[in-house]
Amino acid sequence: MQFFRHLKPIQAMTFDLDDTLYDNRPVIRQLEAKMVAWLHKHHPISATKTLRWWYDLKRSLAEDDPWLLNDVTLWRFKQIEKGLYILGYQPQQAEQAANEAIDEVLRLRSDFTVPQESHDVLTELAKRLPLVAITNGNVDVEKIGLSDYFSLVLKAGPDGYAKPHPQLFNKAQSFLSVPAENILHVGDHLISDVVGAKKSGYQACWYNDQGVNIYHVNKARMLPDVEVNRLHGLLLLSEM
Numbered sequence: 072m073q074f075f076r077h078l079k080p081i082q083a084m085t086f087d088l089d090d091t092l093y094d095n096r097p098v099i100r101q102l103e104a105k106m107v108a109w110l111h112k113h114h115p116i117s118a119t120k121t122l123r124w125w126y127d128l129k130r131s132l133a134e135d136d137p138w139l140l141n142d143v144t145l146w147r148f149k150q151i152e153k154g155l156y157i158l159g160y161q162p163q164q165a166e167q168a169a170n171e172a173i174d175e176v177l178r179l180r181s182d183f184t185v186p187q188e189s190h191d192v193l194t195e196l197a198k199r200l201p202l203v204a205i206t207n208g209n210v211d212v213e214k215i216g217l218s219d220y221f222s223l224v225l226k227a228g229p230d231g232y233a234k235p236h237p238q239l240f241n242k243a244q245s246f247l248s249v250p251a252e253n254i255l256h257v258g259d260h261l262i263s264d265v266v267g268a269k270k271s272g273y274q275a276c277w278y279n280d281q282g283v284n285i286y287h288v289n290k291a292r293m294l295p296d297v298e299v300n301r302l303h304g305l306l307l308l309s310e311m
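Under the working numbering, think of the first position of the sequence shown as 72, with each following residue one higher.
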């Protein structure tokens, strides 16, 4: 644990989900591979275009409609719908296929086990403080067994702009009804989580399970208030 500023009393905590409470990278790798196979099986015409083509299509959609960057589910839906339409599907066919694909995406997205350490820490923290989840992703917290710990779950897209935009942080603070400076946000991302939290008036805890030196990270724009390498460190912070 490393402190960069003196912490004010912590009355509540907010949490990022992906890559903070579980390693999201293998989940996404597996999801992408399985979704390619699913599309090729159920919509063989999709295999006539390369993965690069599908990726470029996704990026172009976001250029045309930047809001999609805030809603990963809608963004993927639009990618599949537009891609199949370009490949010859009628609009209604493409829409139906995209809806079915998204159902599969969301099923796969939450098909993993959260580490026991996360459960242990959240169980104890929830006894001491109100907890809110703030995520840019689309995981189903109920399906992965985390819903009981959080009083509120805010998701970019349905609930507002993605972090680091202050909208979700402001909504969490309003719900918690405590001063922003007494809320500690915990997350792995130095921009989405640390910068987003600090610019919203929160205290920020950088979850650095990779053990990197923040002064050697090019994308670091702002120091957190505290850094932890294990989630158990949060139990000590909650007692301060």
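C-beta atoms are modelled at their ideal positions from N, C-alpha and C, and glycine is treated no differently.
- The beta carbon of N241 sits closer than 7 Å to those of S271, all from its chain and outside the five residues before and after it, given in chain order.
- Distance check between T119 and each of V283, G159, P235, V98 places G159 closest, using alpha-carbon atoms only.
- The alpha-carbon of L239 is positioned some 7 Å away from that of L225.
- Beyond the five residues adjoining it in sequence on each side, F75 comes within less than 8 Å, by CB distance, of L294, P295, D296, V297, E298 in the same chain, given in chain order.
- Scanning E134, L202, L308 for the CA closest to the CA of D87 turns up L202.
- Comparing alpha carbon positions, the residue from P137, W125, L140, V143 closest to Y156 is W125.
- DSSP places M106 in the helix class (H, G or I) of the three-state scheme.
- For A227, the three-state secondary structure derived from DSSP is coil.
- Residue state for T85 is assigned as strand, using DSSP reduced to three classes.
- Per DSSP, the beta-bridge partners of H256 are T85, A275.
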